[in-house]
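Undergrad: Structure in structure tokens, see below.
Protein chains: 2
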Amino acid sequence: MAVAARRERERTARREAILDAAQELVAAQGYHGMRMDSVAEAVELSKGTLYLYFENKDALCAAVATRLLDTLIPFMESALENTSTGLDAVHKLFQKYSDFTQENPHHFRFALAWLSEGERMDDSTEAFQIYRGRVGDMLSLVVASLKRGQADGSIRADVDPLPQALQLWTSFLGVVMVGLNREAMAQRVPVPMDFEQLVPLHLDAMVRALSSEGAS
Amino acid sequence: MAVAARRERERTARREAILDAAQELVAAQGYHGMRMDSVAEAVELSKGTLYLYFENKDALCAAVATRLLDTLIPFMESALENTSTGLDAVHKLFQKYSDFTQENPHHFRFALAWLSEGERMDDSTEAFQIYRGRVGDMLSLVVASLKRGQADGSIRADVDPLPQALQLWTSFLGVVMVGLNREAMAQRVPVPMDFEQLVPLHLDAMVRALSSEGAS
DNA sequence: TCGATAACTGACTACCAGTCAGTCACTGAC
DNA sequence: GTCAGTGACTGACTGGTAGTCAGTTATCGA
Numbered sequence: 109m110a111v112a113a114r115r116e117r118e119r120t121a122r123r124e125a126i127l128d129a130a131q132e133l134v135a136a137q138g139y140h141g142m143r144m145d146s147v148a149e150a151v152e153l154s155k156g157t158l159y160l161y162f163e164n165k166d167a168l169c170a171a172v173a174t175r176l177l178d179t180l181i182p183f184m185e186s187a188l189e190n191t192s193t194g195l196d197a198v199h200k201l202f203q204k205y206s207d208f209t210q211e212n213p214h215h216f217r218f219a220l221a222w223l224s225e226g227e228r229m230d231d232s233t234e235a236f237q238i239y240r241g242r243v244g245d246m247l248s249l250v251v252a253s254l255k256r257g258q259a260d261g262s263i264r265a266d267v268d269p270l271p272q273a274l275q276l277w278t279s280f281l282g283v284v285m286v287g288l289n290r291e292a293m294a295q296r297v298p299v300p301m302d303f304e305q306l307v308p309l310h311l312d313a314m315v316r317a318l319s320s321e322g323a324s
Numbered sequence: 109m110a111v112a113a114r115r116e117r118e119r120t121a122r123r124e125a126i127l128d129a130a131q132e133l134v135a136a137q138g139y140h141g142m143r144m145d146s147v148a149e150a151v152e153l154s155k156g157t158l159y160l161y162f163e164n165k166d167a168l169c170a171a172v173a174t175r176l177l178d179t180l181i182p183f184m185e186s187a188l189e190n191t192s193t194g195l196d197a198v199h200k201l202f203q204k205y206s207d208f209t210q211e212n213p214h215h216f217r218f219a220l221a222w223l224s225e226g227e228r229m230d231d232s233t234e235a236f237q238i239y240r241g242r243v244g245d246m247l248s249l250v251v252a253s254l255k256r257g258q259a260d261g262s263i264r265a266d267v268d269p270l271p272q273a274l275q276l277w278t279s280f281l282g283v284v285m286v287g288l289n290r291e292a293m294a295q296r297v298p299v300p301m302d303f304e305q306l307v308p309l310h311l312d313a314m315v316r317a318l319s320s321e322g323a324s
């Protein structure tokens, strides 16, 4: 009996070790650059063993991303303290989100890959269901702040919180996607541009769009 | 002499045939799903021959995307007719862009792949330089309309046209990225949502943010 | 002591972008 | 007419990577 418990602990520890290695490699090489062989080597296991812990590469990455979202969500929640209005809260939530993507660009790239080329990613695994749930939790923070803003009058009354939260999130994704690759983007986009400005500019636009002041 | 001219014509025709095949396959299978072997088979050439016309897969895809942008730009320009104000023009430009992505989702996926995982894409080829130029032309339309809007008073005077055009474009990319995969997204994003609403909602937010009415 | 079980291994398959030595067909000079 | 030169084309091959699976090893309980 105690044996089973110990085995369970060992299994969990090994799983965490794999996640640590995968996370580090994704951080260094990006989602596509991360190789299952490299993960195996890093944890001193054979590649086959990885597949005893994760169904496939995508599931492993989803598990890494889930662990990161477990950090992001409390981080975003901390932004809600000392907010004067719901509108202010929305602004600060996304500010935190932006900070997080700067610290964890690899996580963001994974999320993007999932959203943009999802057809090629196997999201039928349990790991993905859990990940999906976390994304929902994150979006709920935005929805709640939008409602709060409508209650305190800082956000237009005709805003529909759920669709608007998705609009905020998805548009933000696009901006951060480009801002994240700003070094490469400077050569890539054929216009002179300081990409540092982009996120603040977008947040400002979002606040203006939501604000009850000057509403039609 | 005439031989050289004929050879040149034949070469161009073959190049176009390859582009046609590649475009169709990218449309059907997506950027990642398109196989160089499939393109070769479709044009009844060996794979090696493709590499006499295009440096690599990415360059071929960039050439496909360039051809599509050659269609998009006049299409967007046509939106400028019968626009009452610069603000209205910006709105209609993006509306056309949205329409185009619905018709040519594959092109958009390629652009996304380029922007989001650009490190892994070889964008040093000539085909990419040309593509970059087209993206710049497209953005110029937005910049010009923003300036027009400031001149006619429909857009806030404190908007900096070039950064704002990038903010509009990049945020739009995020929204369209999600909207494009709305079938998959319905299961993927853990909230009930009619993704058809998303683009109009975003355009509305952008117009509100740019509008000189109610400006602080 | 030994059969059962879980954990692990690594050589293997399948797949795909890109390469290159060699073939083929046409051309123009002689 | 011949034949060397040239450009177009070929397809078997390389290299790299995700995922598989038959077999090995270690540990456990009876």
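Protein chains in written order, with the working numbering: chain U, 109 to 324; chain P, 109 to 324. Ideal Cβ positions, reconstructed from N, Cα and C, are used throughout, including at glycine. Predicted, not measured: the structure shown is a model, and the values here were computed from it.
#1: Find the residues of chain P that neighbour H310(U), judging by a C-beta separation of less than 7 Å, and give them in chain order.
#2: In chain order, which continuous runs of the alpha helix (DSSP H) of length 4 or greater are located wholly inside the segment 224-272 of chain P?
#3: Name, please, each residue of chain U whose Cβ falls closer than 8 Å to the Cβ of V283(P).
#4: CA-CA distance, V286(P) and A187(P)?
#5: Beta-carbon within less than 7 Å of Q210(U)'s beta-carbon, same chain only, minus the 5 sequence neighbours each way: which residues are those?
#6: Looking only at DSSP bridge pairs, what is S91(P) linked to?
#7: How would you call S324(P), buried or exposed, if buried means at least 16 neighbouring beta carbons within 10 angstroms?
#8: Determine the chain P residues that contact Q272(U) at a beta-carbon separation under 9 Å, and present them in chain order.
#9: Can you list, in chain order, the residues of its chain whose CB lies under 6 Å from that of T233(P), leaving out five sequence neighbours each side?
#10: Count the other CB atoms within 10 Å of the CB of D268(P); is the residue buried (16 or more) or exposed (fewer)?
#11: Would you verify that the beta carbon of M142(U) is, or is not, closer than 7 Å to some beta carbon of chain P?
#12: 7 Å is my cut-off, CB to CB: does A317(U) come that close to chain P?
#13: Going by other Cβ atoms of all chains shown within 10 Å of its Cβ, with 16 needed for buried, is K155(P) buried or exposed?
#14: Taking only the alpha-carbon atoms, compute the straight-line gap between E304(U) and Q275(U) and give it to the nearest angstrom.
#15: Give me the Cα-Cα distance between S253(U) and T174(P), rounded to the nearest whole angstrom.
#16: Return no unless some Cβ of chain P is closer than 7 Å to the Cβ of M184(U).
#17: Alpha carbon to alpha carbon, how far is M314(U) from E149(P)?
#18: Compare the beta carbon distance of L133(U) and S146(U) with 7 Å and say whether it is the shorter of the two.
#19: Under 7 Å, Cβ to Cβ, is there at least one residue of chain P near V286(U)?
#20: Could you check which residue in L309(P), K165(P) and Y161(P) has the C-alpha nearest to that of R143(P)?
#21: Answer with buried or exposed for A283(P), where buried requires no fewer than 16 other C-beta atoms within 10 angstroms of its C-beta.
#22: Can you grab the Cα-Cα spacing for the pair R122(U) / V172(U), in whole Å?
#23: Give the DSSP-derived three-state secondary structure of T174(P) in the structure shown.
#24: Looking at the structure shown, is S324(P) part of a helix, part of a strand, or coil, going by DSSP?
#25: Cβ closer than 7 Å: which chain P residues qualify as neighbours of Q305(U)?
#26: What number of angstroms, rounded off, separates the C-alpha of D266(U) from the C-alpha of T157(U)?
#27: So which of K255(P), Y159(P) and V250(P) has the shortest CA-CA distance to Q184(P)?
#28: For the alpha helix (DSSP H) containing A150(P), list its first residue and its last residue.
#29: Where does the unbroken alpha helix (DSSP H) through T209(U) begin, and where does it stop?
#30: Looking at I263(P): is its Cβ nearer than 7 Å to the Cβ of L195(P)?
#31: DSSP three-state label for S154(U), please.
TA: Taking the geometry as given:
#1: Q275 and S279
#2: 234-260
#3: Q275, T278, S279 and G282
#4: 24 Å
#5: none
#6: Chain P is shown from 109 up to 324; residue 91(P) falls before or after that span and cannot be answered.
#7: In this predicted model, S324(P) has a pLDDT of only 49, less than 50, meaning its place in the structure is not dependable; the value taken from the coordinates is given anyway. Looking at its Cβ environment, which holds fewer than 16 other Cβ atoms inside 10 Å, S324(P) is exposed.
#8: L309 and A313
#9: E163 and A167
#10: exposed
#11: no
#12: yes
#13: exposed
#14: 22 Å
#15: 42 Å
#16: no
#17: 49 Å
#18: yes
#19: yes
#20: K165(P)
#21: The sequence given here places Val at residue 283(P); Ala does not occur at that position. Counting Cβ neighbours within 10 Å, V283(P) comes out buried, since at least 16 surround it.
#22: 14 Å
#23: helix
#24: For S324(P), the predicted model reports a pLDDT of 49, less than 50, meaning its position is unreliable; a value from the coordinates is still stated below. Reduced to three states, the DSSP call for S324(P) is coil.
#25: P271
#26: 54 Å
#27: Correcting the residue type first, residue 184(P) is Met in the shown sequence and not Gln. It is V250(P) whose Cα lies nearest to the Cα of M184(P).
#28: M144 to A150
#29: G194 to E211
#30: yes
#31: coil
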